[in-house]
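There are 2 protein chains.
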Amino acid sequence: MLCLISDKTLARRASGSPGHFFGDAVREGCCQSTSPVIGWTGNSSRGMNSLLDAERLAVMQSVFSCSDDAAAALGAAVRELSVPAKGVVARQGDLAHHCWLVVDGVAQAQINGPDGQLILLASYGPGELFGSYPGPAALRTDFVAMGALTLFSIKTTVLADLARSNADVGHGLSVLLARQLDTLLDRMAARTTLSATGRVYAELLRLAGDSNRIEPPPVLSALALTVHTTRETASRAIANLVRRGIVRRTDAVLEITAPRLLAELIA
Amino acid sequence: MLCLISDKTLARRASGSPGHFFGDAVREGCCQSTSPVIGWTGNSSRGMNSLLDAERLAVMQSVFSCSDDAAAALGAAVRELSVPAKGVVARQGDLAHHCWLVVDGVAQAQINGPDGQLILLASYGPGELFGSYPGPAALRTDFVAMGALTLFSIKTTVLADLARSNADVGHGLSVLLARQLDTLLDRMAARTTLSATGRVYAELLRLAGDSNRIEPPPVLSALALTVHTTRETASRAIANLVRRGIVRRTDAVLEITAPRLLAELIA
DNA sequence: CGCGTCTTTGAGAGGATTCAACGTGTGTGG
DNA sequence: CCACACACGTTGAATCCTCTCAAAGACGCG
């Protein structure tokens, strides 16, 4: 029997759930900016659903690296929010009056191209912020959870006011945004300079990091989406690498045996 | 005799200079975010080379919408800088310790793809900021002036300190960055969802604005670069529109006669 | 087991770049 | 003043990359 899944279904699915890989991957990736990551990086192993006030403050402090009272002010303005896997935080076209701060999990900004194709624009990991900031605005993307997601939501106006009145908040915000700008520029550069296979290769290197291993091995359909290509292309690209002995792949791990060579191939 | 210019040469050239169109175009385009532009928008008609202190303060205030003393602090930390057309502000790979605030003119972030092809990642108009912000960092793009350009340069560390100590600065910075993030997302969306001709059409609409006229008519090679395609493709796309009577083109102006129809074609 | 998902491979189609050629306008230098 | 180089635009043909379509196998799960 043939495979009848339309790409649309696949796309919708792949951005969701089950592989733990994707979550980890994106979480790892979303903060690969030049500046070091803030000390705190979400903690999905905690079993509880709601954060204690103290934790909330700690979160604020580590995200904004701010004083106690600033954290308190933020904590008070914030509302905790849980979104199930595949849940939609906000829809394209909505007039948003909020920002969302990712506490745990990963949120993705995606667009449905006119042909129904789903396109990934950005992903937000723990400590990152999305929504409408300088003022309320219509959203140009959907924001969906790709795994269980816990957020802090805060009114745009309140956040702006806080930023204006409290230096720590403003500064923290600017750092947050600068980092996002940075990674977005990277992604943009990759998308426009590299060929489809090149983007796949680059993503492999990024996911592998210094250890040159991806464990568990990546789900190709998901990887394809993040670099804006098709599973077929990704599959072919990687098959090529395996054939040439540049990467080795087992059920448990994908290992890059010749990272230098792979890096050369990208250019 | 044939034309022997390699594409590389062309690319290098086109990003420069002579057509006044390109400068205006980008200047118009770089602030098309949802939030209204700050009240002040550069003034190239002023004949002098150096800004008075008072003007400098005014610039700061309108960019950061901040108090007098914050503006004074910024003004003191800043060094004025003039870059000639085609001049390079900073090079890819440089370890930058500065941020630059565009006072007048347009700066572009560009990358040379491995094949020597020049690619435009972003452009910064008056009131926009680029460089390394949260901390010193290696630049991933060249920054070049595309027309006479005057900048304020400020040490990254100084700016960060100011942001942390002065709420107005931090807030202003966050607004600046949020706006850039916004437009970058837009650009990204356009680049990934649209076809090459679609991007050309979209750019036409954007340049034309409400008046539906582009005056003087766009330099195709430059337009092609901004939407990341070739002059040939751009030329074909527009020739098509002209043939179908959707736009009219003379030496002096390009006019969109059927903006609705054109908008339809983009999707 | 049937179903859905993921992967892989081949073949075909389409879009966009590349190459080639030519016309035009502009500025430079002999 | 006249080449000449250079930039820009236009058009056609060839080429290549990438997506789409089609088919089939593997795995996990209710």
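Quick note, the sequences are listed as chains S and E, same order. Note that my numbering has the first sequence beginning at 7, numbered continuously upward. Note that my numbering has the second sequence beginning at 7, numbered continuously upward. From the three backbone atoms N, C-alpha and C, an ideal C-beta is built for every residue, glycine too.
Proximity test, Cβ basis, 9 Å: residue i and chain E
i, result
"S/H104", "no"
"S/S159", "no"
"S/Q186", "yes"
"S/A269", "no"
"S/T239", "no"
"S/A202", "no"
"S/R197", "yes"
"S/G99", "no"
"S/G178", "yes"
"S/P140", "yes"
"S/R146", "yes"
"S/L127", "yes"
"S/V259", "no"
"S/A243", "no"
"S/A115", "yes"
"S/A228", "no"
"S/L211", "no"
"S/A143", "yes"
"S/V95", "no"
"S/T256", "no"
"S/I112", "Reading off the sequence shown, one finds Val at residue 112 of chain S, where the question assumed Ile. Taking Cβ atoms only, chain E never reaches closer than 9 Å to S/V112, which makes this a no."
"S/L80", "no"
Beta-ladder partner(s) of residue i, from DSSP
i, result
"S/I125", "S/I117"
"E/S88", "E/T156"
"E/A96", "E/F149"
"E/H104", "E/K161"
Boundaries (first-last residue) of the alpha helix (DSSP H) holding residue i
i, result
"S/L271", "265–272"
"E/R62", "59–70"
Residue span of the beta strand (DSSP E) that contains residue i, given as start and end
i, result
"S/L135", "135–137"
"S/D148", "148–151"
"E/L80", "Counting along the chain, E/L80 falls outside any beta strand (DSSP E), though it belongs to the alpha helix (DSSP H) covering 74–83."
"E/R242", "No beta strand (DSSP E) contains E/R242, which is instead part of the alpha helix (DSSP H) from 237–249."
"S/I262", "260–262"
"S/V112", "Element bounds for S/V112: n/a, residue is neither H nor E."
Residue i at chain S interface by Cβ criterion, 9 Å
i, result
"E/S21", "Note on E/S21: pLDDT 34, under 50, position unreliable in the model; the coordinate value appears next. Judged by the 9 Å Cβ criterion, E/S21 is not in contact with chain S."
"E/Q175", "The question names Gln, but residue 175 of chain E is Val in the sequence shown. Taking Cβ atoms only, chain S reaches closer than 9 Å to E/V175, which makes this a yes."
"E/P132", "no"
"E/R205", "no"
"E/M194", "yes"
"E/S171", "yes"
"E/R266", "no"
"E/L191", "yes"
"E/P222", "no"
"E/V32", "At E/V32 the pLDDT is 30, less than 50, meaning the model places this residue with poor confidence; the figure from the coordinates comes in the next sentence. Taking Cβ atoms only, chain S never reaches closer than 9 Å to E/V32, which makes this a no."
"E/T232", "no"
"E/V150", "no"
"E/A166", "yes"
"E/L107", "no"
Residue i burial status per 10 Å Cβ neighbour count (16 or more: buried)
i, result
"S/G122", "exposed"
"E/E270", "exposed"
"E/G99", "exposed"
"E/T156", "buried"
"E/V206", "buried"
"E/E209", "buried"
"S/S138", "buried"
"S/L101", "exposed"
"E/D257", "exposed"
"E/E134", "buried"
"S/T266", "This sequence places Arg at residue 266 of chain S; Thr is not what is there. Classification for S/R266: exposed."
"S/V248", "exposed"
"S/R250", "exposed"
"E/R62", "buried"
"E/R193", "buried"
"E/R185", "buried"
"E/A113", "buried"
"S/R170", "buried"
"E/P90", "exposed"
Output the residue ranges of the beta strand (DSSP E) runs that lie fully inside the region 158–234 of chain S and measure 3 residues or longer, sorted by chain position.
-> none
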